[in-house]
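In this text, residue positions in the sequence shown follow the working numbering: the first is 3, and each later residue adds one. A virtual CB, placed ideally from N, CA and C, is assigned to each residue, including glycine. Predicted model only: the values in this text are computed from it and were never measured. As structure tokens, the structure follows; a few thoughts come after it.
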Amino acid sequence: MTTFSSHSYSSPPFLERYLNDSLSLPDFYSLATLLRVQKREAERLVIKHKERAAGCRIRDLFCTKETRELRREILEMLSLYAVTRIGREMILTLIPTQDREELQRRFTDIRAGIELVQLLGAENVTRVREMLSKAEIRGIGIFKAPVVAVQDRDIEQLIKSNYGDFVTVEFLDSTEKAEELVNRENSILLIGEHEHEHEYDEPGIITKRVDDLSEPCEICPEFVVRSYVAKKSAIEVLIEILEQFEAIRNSELFKEVSIADLKAVLSLISVGEAEVKDKDRDKDKGAESFDEMILRYEEEINREAVRIMKTGGGAAEFRAYLDDILLQMADELMLKGEDRITLRESALDLDAGEPPFEFRRDKIESLRLKYNRERGERSYYRLSELAKQLEQQREVVREGIKKLFYLDFMLATALFARDFELNPPELIDGGLGLEMGKNIFLKAEELKGGEKVVPVSYSIGEVKLGIFGATPHPVAILTGANSGGKTCLLNMLATSVILTELGLPVPAERAEIPLLPLYLYRRKMIKKTGSFEYSMRALSRIFMREGGKVVLIDELEALTEPGAMGRIMASILNNLPEGTLGVVITHLIHEILPHISMAKIRVDGIEAEGLDASGNIIVDRQPMFNHIGSSMPELVIKKLLGRVRNEELRTVYEEIIDALATERAELGSKSKDG
Numbered sequence: 003m004t005t006f007s008s009h010s011y012s013s014p015p016f017l018e019r020y021l022n023d024s025l026s027l028p029d030f031y032s033l034a035t036l037l038r039v040q041k042r043e044a045e046r047l048v049i050k051h052k053e054r055a056a057g058c059r060i061r062d063l064f065c066t067k068e069t070r071e072l073r074r075e076i077l078e079m080l081s082l083y084a085v086t087r088i089g090r091e092m093i094l095t096l097i098p099t100q101d102r103e104e105l106q107r108r109f110t111d112i113r114a115g116i117e118l119v120q121l122l123g124a125e126n127v128t129r130v131r132e133m134l135s136k137a138e139i140r141g142i143g144i145f146k147a148p149v150v151a152v153q154d155r156d157i158e159q160l161i162k163s164n165y166g167d168f169v170t171v172e173f174l175d176s177t178e179k180a181e182e183l184v185n186r187e188n189s190i191l192l193i194g195e196h197e198h199e200h201e202y203d204e205p206g207i208i209t210k211r212v213d214d215l216s217e218p219c220e221i222c223p224e225f226v227v228r229s230y231v232a233k234k235s236a237i238e239v240l241i242e243i244l245e246q247f248e249a250i251r252n253s254e255l256f257k258e259v260s261i262a263d264l265k266a267v268l269s270l271i272s273v274g275e276a277e278v279k280d281k282d283r284d285k286d287k288g289a290e291s292f293d294e295m296i297l298r299y300e301e302e303i304n305r306e307a308v309r310i311m312k313t314g315g316g317a318a319e320f321r322a323y324l325d326d327i328l329l330q331m332a333d334e335l336m337l338k339g340e341d342r343i344t345l346r347e348s349a350l351d352l353d354a355g356e357p358p359f360e361f362r363r364d365k366i367e368s369l370r371l372k373y374n375r376e377r378g379e380r381s382y383y384r385l386s387e388l389a390k391q392l393e394q395q396r397e398v399v400r401e402g403i404k405k406l407f408y409l410d411f412m413l414a415t416a417l418f419a420r421d422f423e424l425n426p427p428e429l430i431d432g433g434l435g436l437e438m439g440k441n442i443f444l445k446a447e448e449l450k451g452g453e454k455v456v457p458v459s460y461s462i463g464e465v466k467l468g469i470f471g472a473t474p475h476p477v478a479i480l481t482g483a484n485s486g487g488k489t490c491l492l493n494m495l496a497t498s499v500i501l502t503e504l505g506l507p508v509p510a511e512r513a514e515i516p517l518l519p520l521y522l523y524r525r526k527m528i529k530k531t532g533s534f535e536y537s538m539r540a541l542s543r544i545f546m547r548e549g550g551k552v553v554l555i556d557e558l559e560a561l562t563e564p565g566a567m568g569r570i571m572a573s574i575l576n577n578l579p580e581g582t583l584g585v586v587i588t589h590l591i592h593e594i595l596p597h598i599s600m601a602k603i604r605v606d607g608i609e610a611e612g613l614d615a616s617g618n619i620i621v622d623r624q625p626m627f628n629h630i631g632s633s634m635p636e637l638v639i640k641k642l643l644g645r646v647r648n649e650e651l652r653t654v655y656e657e658i659i660d661a662l663a664t665e666r667a668e669l670g671s672k673s674k675d676g
């Protein structure tokens, strides 16, 4: 047994090629079945496999739990656009990368998918997706490999290590053991070191050499054939799509796929499917198929015996008829030599022509065993030959099926990009910016009939977007009243970085995105943990790794008293690693501003215009750069002032408003002067 993929899962070496097929698609169900693990664990193994192939772990680029949760939320939303199980699994296991060449390849595929959707048109896209929805890789099902008999302990160990419990190995250490095996109904593979070491003229005993042990087509051909039968519907769908849609057939993805090769494979698979269905029927019925055949012949013989008696025929006529019918039976039962004699004896020992006629059951019993073993042997040879022919077409099947489900992935991402107005970003260094960007979760609500999303433009660091007022500070503090859209903006930035590093388009008309590790700290996490120590440990990760990062923090002020929290946040912002881009949402700007370096840090604000009659904030969601946003207390006091008639109370409210406005103006002036 070998350890699979450097994990604690042991699997027989013969499974390696089938496991790799399931990993590379990916196919959670087949992988879980082969390894006998839960589907969730199969998904984890696929992700680990992809991470090793990419040379990068998800947590290396999406460096906080909240970042990884947001990745999952985004991919689950996208996966709803796939129409196949495997298409969804491709999406859910997307791995980020900072390899620019790989990302450009992914963006090229995205553009190709969008162009294909436009070329096909809405009606044909719907037809293709309906066809795709029928493509599936089914389970291999229960199969019974031949019993493998050996007389050498080293060979026994070799078989067990290569095939595990996928085959049954019997060690022949006595004559009694050999006789017991001969009397089983299973086919038996007898393994020897040399080609003619064992020669047995017994049905169901198949001699093999040690050299054959490494080839599954020789040891468990039914498993091999079933692994292809499981893919039959997918191959049928692929052929149908390629024949009906020239745009797909001539696309870059499928231009080297041969329909003739696929049809040849499908023909072999259909033969294999019929063979395994016959075996399944035999498993359901056991030995009844033989008994039913005997009963059928007995009924036929008895009918003929009655006819002969009624027409005045005698024993000679009946025996002549019986000779003919026994020859027919011997052929149908595949009997040879002594077994044909046994069949005749089981009939001719009886009183001829005296119904009811019955074969002697003591003699028929030995024929049943040999018949079933003969059938098993013939089935083995048919399956073995089919398995070898199918394995010669392994690459045709593997590549065709992978491209079929990748087509589902391409169409899903193209339609997702269309609905959510996504575009591939430009990869840059030193800045992060979006022009006319939208939060995709708000866009999802809009698509369901909700409020229309207002696009915003925002940038930090050095970008070429030319957003008015956005000075090239690498770090920004975002201020403004609650419900003004600060968290939505932060999530839009995080989503755009995640999508970019996954090789997917982003929710903006134009976007410039750096390839940096992302550290997202969401407010709901902070409230959930409620621990100052826990949150400080989480923030410390920013400083434990060298190099630039994207750091996005949503309101830490609830962790301790405002004055202390302001100084803590100022220290974090002042000491962010070189090359880091950051946005921090806070209501503690008054506590933070005196302690930060304004050469590095910009203060932005989402400005509220007031409150409506219901108390809801009226806001311009486009941030104002180098401007402190209005606070909720200031807006509430202004609203109350408009309703108050008492002069003394009006004076109090006016003084509060003046004080808040003066403080905000002074802070704003300080931030600009700094």
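Close Cβ partners of Thr95 (< 7 Å) along its chain, the five nearest in sequence each way excluded: Pro28, Glu45, Val48, Ile49 and Lys52
Rounded to whole angstroms, what's the CA-CA distance from Asn22 to Ala236? Just pull it up for me. 18 Å
Measure the Cβ-Cβ separation of Thr481 and Val605 and say whether it is below 8 Å. yes
Could you spell out the range, first to last residue, of the beta strand (DSSP E) harbouring Arg211? Ile207 to Arg211
Between Ser253 and Leu118, is the Cβ-Cβ spacing less than 8 Å? yes
From Leu449 to Arg512, what distance separates their C-alpha atoms? 21 Å
Neighbourhood of Gly549 by C-beta distance below 7 Å, restricted to the same chain and skipping five residues each side: Pro579 and Gly581
With DSSP run on the structure shown, which of helix, strand or coil describes Phe173? strand
Is DSSP giving Gly435 helix, strand or coil here? strand
Comparing C-alpha positions only, which one of Lys210, Arg155, Asn126 and Val149 sits nearest to Glu182? Val149
For Asp494 versus Pro509, is the C-beta spacing smaller than 8 Å? The sequence as given places Met at residue 494; Asp does not occur at that position. Cβ atoms of Met494 and Pro509: closer than 8 Å.
Where Gly584 sits in the DSSP three-state scheme: strand
Beta-carbon separation of Ile594 and Ile442 under 8 Å? no
Collapsed DSSP secondary structure at Glu18 in the structure displayed: helix
Gly206 versus Asn185, Glu217, Pro218 and Glu224, residue with shortest Cα-Cα distance: Asn185
For Ala332 versus Arg342, is the C-beta distance shorter than 8 Å? yes
Uninterrupted beta strand (DSSP E) stretches inside the stretch 100 to 177 (no shorter than 3 residues): 149 to 152 and 170 to 173
With respect to the beta strand (DSSP E) encompassing Pro516, which residues constitute its N-terminal and C-terminal limits? Arg512 to Pro516
With distances taken between CB atoms, is the gap from Leu297 to Leu337 smaller than 8 Å? no
By Cβ distance, which residues of its chain are closer than 6 Å to Phe247, with the 5 residues on each side in sequence left out? none
State the Cα-Cα distance for the pair Ala610 and Ala483, rounded to the nearest angstrom. 7 Å
Using C-beta distances below 6 Å, list every residue in its chain close to Leu63, excluding the 5 sequence neighbours before and after it, in chain order. Pro98, Glu503 and Pro519
Candidates Ile659, Pro564 and Arg131: which alpha carbon is nearest Arg87's? Arg131
Measure the alpha-carbon distance for Glu515 versus Val458 and round it to whole angstroms. Reading the sequence as shown, one finds Ile at residue 515 and not Glu. Rounded to the nearest angstrom, the two C-alpha atoms are 16 Å apart.
Where Phe64 sits in the DSSP three-state scheme: strand
Could you spell out where the alpha helix (DSSP H) holding Asp341 opens and where it closes? Gly339 to Leu350
Assign Glu258 to buried or exposed, taking buried as 16 or more other Cβ atoms, counted over all protein chains shown, within 10 Å of its Cβ. exposed
Out of Glu347, Arg539 and Glu68, point me to the one whose CA is closest to Leu328's CA. Glu347
Limits of the beta strand (DSSP E) - the one that Val458 falls within: Val458 to Gly463
In the DSSP output, what is Ala478 paired with across the bridge? Val585 and Arg604
Tell me the DSSP secondary structure of Asn425 in three-state form. strand
Any idea which residues DSSP pairs Leu191 with across the strands? Val150 and Ile208
Between which two residues does the beta strand (DSSP E) containing Val552 stretch? Val552 to Asp556
Would you say Ala137 and Leu406 are within 8 Å of each other, going by their C-beta atoms? yes
Go ahead and pull the three-state DSSP assignment for Tyr521. strand
Closest to Ile208 by C-alpha separation, out of Asp410, Ala151 and Gly339, would be which residue? Ala151
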